[in-house]
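> Submitted below is the structure of interest, expressed as structure tokens.
Residue numbers (this note's numbering), protein chains in the order written: chain A, 3 to 703; chain B, 3 to 703.
Pasting the structure below:
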């Protein structure tokens, strides 16, 4: 409600709080990101140490049992958390956050329980050795943190704070959540600029210049928190926490001059990335639809699915390296070879001393370390082409079947792993024909596959540059990304858009569809319209609230309050509930605005937090009260946005989307009819809705 | 006009052309950027060589004469170009491009003549030794190139191409110009990601996701063009073109752990940058207002002003180094010391062999080289504190008095120079108390001063990182930028916003002013409204076009064509002119739409290029024709955006701004009156307009 302007002190409170909140979001997201990393590194590190120690003693079967046992145990815990406590925490979370910021208030996406499950589920899931990342979940976590802080605790748990009333509206909450998502990316990749760009390019539907400035501040805080915590850990205070956490890969190959063959290779990698990426999206979509059927049957099925995927993954990780031969350690290395411990480039596995198993170095490692190994540029013959091929095939398939099971699972890491392995294959195949390093080829492969699946450009580019800390590769990465995105866009949409669509979320695109040009706003207005008089009988309102699910009702002034019936404005369901709950009814049909206003404070009508606020069931209205009247004017928004019924639907859609509306009143062109024709909502602009009404006009998809 | 949908082949033509154009913009901007650099390096290099050779022979007076003579000559050429051919080319150009993309069609901002003068004027101006940069002008140049390509040559010079008809509309042109501006930044700083972010943060008023992708492509092309051309020049094919062009500074000091003193120093630098930056903006504003008075008197005064500033600059550059003492060359250097030639860290000046003059190394160099010297981290005692103080004072003052004279002049370089020098002073003063390098302090100083004047955050940060190729400094740069921007925002607005305001351009802010909440749309609608009937007498239209300067007229259907008077839509001045020129008049008052449509092609109504298209004076209407009628329906936009007169002005302003409208129809709330109350245009939302109408409501600024 805009109808009360604020005092100076309130404006100060507001600005101060907004910056404090942003600061807190940065701090907590940084802490959570760090905690995630420590958790994964320690749990997975323990598991890998156990396995490799058993293998050193030659107890191969026990080693497998320990390895698979740990994996299944962690996986089951994660799945149980997801299935029983917060089903919304499964998956990447990026599509959900994207949909939320598009204006879709899906239930429990950002609830505190989701946050908790997301954090612990993600740690357990990644530790369980799945081919999943913790990056997508970090974004969701950041958004949850922002939501939790912004609403001042949860009303459900009776933790709330008075000052935070200012943030109980859509706009401020959206801003905070955008900051949270950016902080999540920044914490996941240690990429502050990349986080801002990611939020801008992929997450946010509405962007304001002020937001750039605010997200930037948040990600800067995250970067500083992480930096100081890592400094703290260097002293060995964080258990097994090693280099692997908080990935920062050094691809230090100074890019020398590249020749024509290199450019051709780049183009080829780009095209390949586009093709593989769109195929990946297609398969992920199919698998998700299959899994959706299984998951619907109940928590037990969800957990069973997770367990079977976990066993399959363990078999691959432990079984496939047996097919790879032992390679003698190269001489003159600074690193230890073979590495006995937890991570490292040269895993001993079953090999004799002085030899290493290259496939085990990729499979029997945390995903972060595997990526580091793939990106490493010191020893270009470190991995056999056959090894890389097996690894690529394994990761590609496992990535597809893993996404969609009931654990928090990010898509970034599987995609980077697969991309980096085919990039490195390519680099090895070219050999000395190319001036570029195999590590660089891995990076370019990862870029191309990221471009092919996620279809982002600038943000991926910047994130990769921040990850590898080498700006000179910029033009090469840009080129590869552009090609792979262009190729993949021919076949299908980006993976996040696909998931949003598959989940049936009514996502509003930024542009209008061409067929909307042939329709006018009046054509798609739905059904018989319910409207209230300026002073309405309580019974009518209760009835309307009970039997419809509309969130907005037009209010029409009728004689004797005006000469002719005219549109007074729009009233929201939630405000009606608050008003009815206040019980300021009158016996007669009279204006009683001042009376009502004195009773309420403006913030009583503010949007509640994650809870649904006042529910219809909470209302207690007596029979007698049902016959009384109430003046709706005080809670009516008297200047709703309107369009004439003959307005082109395309133009109405752009208006609706650009201004971020929830209701758009359609008024008649001719005078002398009812003063409102209908109300357009988000659903009226959906492809499915229009194609039901006008099947001949809308192209099939 | 949206009223004809396109055929498949046309859509293909459109997409193909759009990408081709973007490619061409990237290529040409890259080439122009390179040409600029070669020009500056060779001309300024020749001048500096001449001067230093004369000095080596001890002919100090002749050296000064040659130096000052060259400077004045180049300056006069640049000023003459600006004053006589394209006055719009003076200044940075960034505010103008920003205003253009906000929807202000100021005359000749992007004309081909402006482009030419901008390129050559900028080369001459920078070569003349002014404290100006070529970066701002590069942005303007990129935008001009985009405009020129997008409109398919200039109609004025009869160069045009049929396919380009698709780009004769506001939206596509705006997209192309945004790409051009991004390409300009990318070419100026060799910062492709920075260019995209700069366009997003500072230049563009409307941003779409598709645009990110397109600007990114453009800047990638620019980066590749520049890279290959520099490779070509390494062979020595480009005259005196050396390292100085296409700045890329290596601040290779690995950032070690910083301590508390460092952080305090950073905060201090940030605050100082904010204070100095806002003072700078204030002084630039004052000086610009003074210069505006002088410049209005005619070209001769403009040139005289340029000449006097040039002489003053020459005196400073040549005179001040005499006050600095000679410093013995440090031993064990890889570079030659003193450097006799054109550029270098250790300028000989008047000193004996084995000594160098540190102030001359800054003043008697191109600006790019001076920045490189300030950023250099090899020898922390290279410059005396007193030297740096003199240089800072000189550059700060010269920067203020130089901006605003009639040459193309960028603000980036003066700001970076001044910032880097006080940063370095600070680094020297701290000495061994700090772990950070003096070169790094220079960089942070530059960042703080940039943040204090221009108030951008992410884009400056990324540009600086791309310039120095060192990502590890990211958190430090971010912190400094945030502090300086916050401090400076207390005092005044960013320098570009100030200039836009000073030039009186009606720039629409993204947010509504608070006082607009207390007004409704009907309150600010201006004056008696002129409207046409659906079928209107030619004489009335001609009269209206002649005696008003309105660009849009409402069309009202009256009986007998409809039952009651109702709003049919909006018709644009330019379309009316085309229609009248077609002379499809009828004797009677009848509908003749099909007749008219057959006569015109949709693209006849397309927005013309830089020219004004058909002018009113070109119309020849006989007395007899004046009495005839014409059907306006075919050219009427039948679904204009409308607001009810009781709509809050703040909401109307947001609608107007977000959708990028030029006209917004205000319709009455009550029926039974004229079907339109008025039309809101950009000017009706301006602070000045409203404060004239309602002085008591609007706070004074």
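Note that beta-carbon positions come from the ideal geometry of N, C-alpha and C, so glycine has one too.
Predicted, not measured: the structure shown is a model, and the values here were computed from it.
1) Is there at least one Cβ from chain A nearer than 9 Å to residue 304 of chain B's Cβ?
2) By the DSSP assignment, the alpha helix (DSSP H) with residue 621 of chain A in it spans what residues?
3) Measure from the alpha carbon of residue 71 of chain B to the alpha carbon of each residue in B:317, B:664, B:332, then state which is nearest.
4) Please state whether the Cβ-Cβ distance between residue 349 of chain B and residue 367 of chain B is less than 9 Å.
5) Going by alpha carbons, who is nearest to residue 62 of chain A out of A:352, A:680, A:579, A:44?
6) Let me confirm a value: residue 584 of chain B is counted as buried when at least 16 other C-beta atoms fall within 10 Å, else exposed. Which label applies?
7) Beta-carbon separation of residue 189 of chain A and residue 213 of chain A under 9 Å?
8) How long is the line joining the alpha carbons of residue 493 of chain B and residue 455 of chain B, rounded to whole angstroms?
9) Taking 9 Å as the CB-CB cut-off, is residue 545 of chain A touching chain B?
10) Is it buried or exposed for residue 263 of chain A, if we count other Cβ within 10 angstroms and need 16 for buried?
11) Kindly give me the distance between the Cβ atoms of residue 181 of chain A and residue 24 of chain A, rounded to whole angstroms, as I take these residues to be in contact under 8 Å.
12) Are the C-beta of residue 696 of chain B and some C-beta of chain A separated by less than 9 Å?
13) Determine whether the Cβ of residue 646 of chain A lies closer than 9 Å to any Cβ atom of chain B.
14) Where does residue 111 of chain A fall in DSSP's three states?
15) Whole alpha helix (DSSP H) runs in the segment 434–513 of chain B with 4 or more residues, listed along the chain?
16) Which residues does DSSP pair with residue 197 of chain B in a beta bridge?
17) Looking at residue 621 of chain B: is its Cβ nearer than 9 Å to the Cβ of residue 579 of chain B?
18) Using the beta-carbon count (16 or more within 10 Å), is residue 217 of chain B buried or exposed?
19) What are the partner residues of residue 534 of chain B, as DSSP defines its beta bridges?
20) Looking at the unbroken alpha helix (DSSP H) that takes in residue 391 of chain A, where does it start and where does it end?
21) Run through the DSSP bridge pairs and tell me what residue 568 of chain B is partnered with.
22) From which residue to which residue does the alpha helix (DSSP H) around residue 265 of chain B run?
23) Using a C-beta cutoff of 9 Å, does residue 572 of chain B count as contacting chain A?
24) Pick from B:45, B:51, B:54: whose alpha carbon is nearest that of residue 124 of chain B?
25) Quick test of your reading: residue 224 of chain A and residue 31 of chain A, contact by CB under 8 Å. State the CB separation rounded to the nearest angstrom.
26) Anyone know if the C-beta pair for residue 138 of chain B and residue 106 of chain B falls short of 9 Å?
27) Does the beta carbon of residue 656 of chain A come closer than 9 Å to any beta carbon on chain B?
28) Compile a chain-ordered list of the residues in the segment 177–208 of chain B whose CB is closer than 7 Å to at least one CB of chain A.
29) Measuring CA to CA, which of B:300, B:504, B:633, B:176 is closest to residue 150 of chain B?
30) Going along chain B, which residues have a C-beta under 9 Å from residue 285 of chain A?
31) Just reading off the alpha helix (DSSP H) that residue 369 of chain A is part of, what are its end residues?
32) Mind checking residue 611 of chain A: buried by the 16 CB within 10 Å criterion, or exposed?
33) Looking only at its own chain, which residues have a Cβ that is under 8 Å from the Cβ of residue 643 of chain A, when we skip the five neighbours before and after it?
34) Residue 521 of chain A and residue 634 of chain A: beta carbons closer than 9 Å?
35) Which residues of the segment 217–232 of chain B have a Cβ closer than 7 Å to any Cβ of chain A? Give them in chain order.
36) Could you check whether the segment 512–519 of chain B touches the segment 297–312 of chain B, counting it as contact only if at least three pairs of C-beta atoms, one from each stretch, sit closer than 8 Å?
Walking through what the data contain:
1) no
2) Looking at the DSSP string, residue 621 of chain A is not in any alpha helix (DSSP H), and its letter there is neither H nor E.
3) B:317
4) Cβ distance < 9 Å, so residue 349 of chain B and residue 367 of chain B count as in contact.
5) A:352
6) For residue 584 of chain B, the number of other beta carbons within 10 angstroms of its own is below 16, and it is reported as exposed.
7) With a cutoff of 9 Å on beta-carbon distance, residue 189 of chain A and residue 213 of chain A are scored as not near each other.
8) 11 Å
9) no
10) exposed
11) 5 Å
12) No, residue 696 of chain B does not count as interfacial toward chain A.
13) yes
14) coil
15) 440–456, 460–470, 476–493, 497–504
16) In the DSSP output, where bridge partners are listed per residue, residue 197 of chain B has none listed.
17) Taking 9 Å as the cut-off, the Cβ atoms of residue 621 of chain B and residue 579 of chain B count as close.
18) buried
19) B:557
20) The continuous alpha helix (DSSP H) containing residue 391 of chain A extends over residues 387–404.
21) B:559
22) 262–297
23) By this cut-off, residue 572 of chain B is not an interface position.
24) B:45
25) 6 Å
26) no
27) yes
28) 194, 195, 198, 203
29) B:176
30) Residues of chain B passing the Cβ test: none, with the nearest at roughly 25 Å.
31) 369–377
32) In this prediction, residue 611 of chain A scores a pLDDT of 46, lower than 50, which makes its location untrustworthy; no coordinate-derived value is stated.
33) 657, 661, 663, 666, 667
34) Taking a C-beta distance under 9 Å as the contact criterion, residue 521 of chain A and residue 634 of chain A do not qualify as a contact pair.
35) 218, 219, 222, 225, 226, 229
36) no
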